[in-house]
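Residue numbers (the working numbering): 81 to 187.
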């Protein structure tokens, strides 16, 4: 999204793209404590270089790490730093059944 729609096609501003991938997505799935950095919210963040961030995954190789990501912070703990797992396992899986219940009736 950032590489293609912000840098290449200039369809979105950086702020619009970040919101679509964070605040908008969290609201769409009913995750009230996610999607923005503010007091009382879960501290989830991705530290990236907007000039170089790019997805490397392809249909044939879908599990390729993107480039340009310096760190991933989950629930206030560094989970990924410089492309390497940092030891933190603070995230949790979202069950599809709970997401369906949260999104029913949303448009």
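Glycine included, C-beta positions come from ideal geometry on N, C-alpha and C.
Using C-beta distances below 6 Å, list every residue in its chain close to residue i, excluding the 5 sequence neighbours before and after it, in chain order.
i, result
"residue 127", "150, 151"
"residue 161", "151"
Taking 7 Å as the cut-off, is the C-beta of residue i nearer than that to any heavy atom in the ligand SAH?
i, result
"residue 169", "The ligand content of the structure shown is nil, which means the ligand SAH is not present either."
Taking Cβ positions, are residue i and residue j nearer each other than 8 Å?
i, j, result
"residue 154", "residue 170", "yes"
"residue 144", "residue 134", "no"
"residue 107", "residue 117", "no"
Suppose you measure from the CA of residue i to the CA of residue j; what does that come to, to the nearest Å?
i, j, result
"residue 33", "residue 109", "The chain is shown from 81 up to 187; residue 33 falls before or after that span and cannot be answered."
"residue 95", "residue 165", "27 Å"
"residue 91", "residue 85", "5 Å"
"residue 87", "residue 130", "8 Å"
"residue 101", "residue 140", "24 Å"
"residue 81", "residue 93", "11 Å"
"residue 121", "residue 112", "8 Å"
Is residue i buried or exposed, if buried means 16 or more other CB atoms sit within 10 Å of its CB?
i, result
"residue 97", "buried"
"residue 156", "exposed"
"residue 83", "buried"
Near residue i, which residues of its chain fall below 8 Å by C-beta distance, leaving aside the five closest residues on each side in sequence?
i, result
"residue 103", "115, 116"
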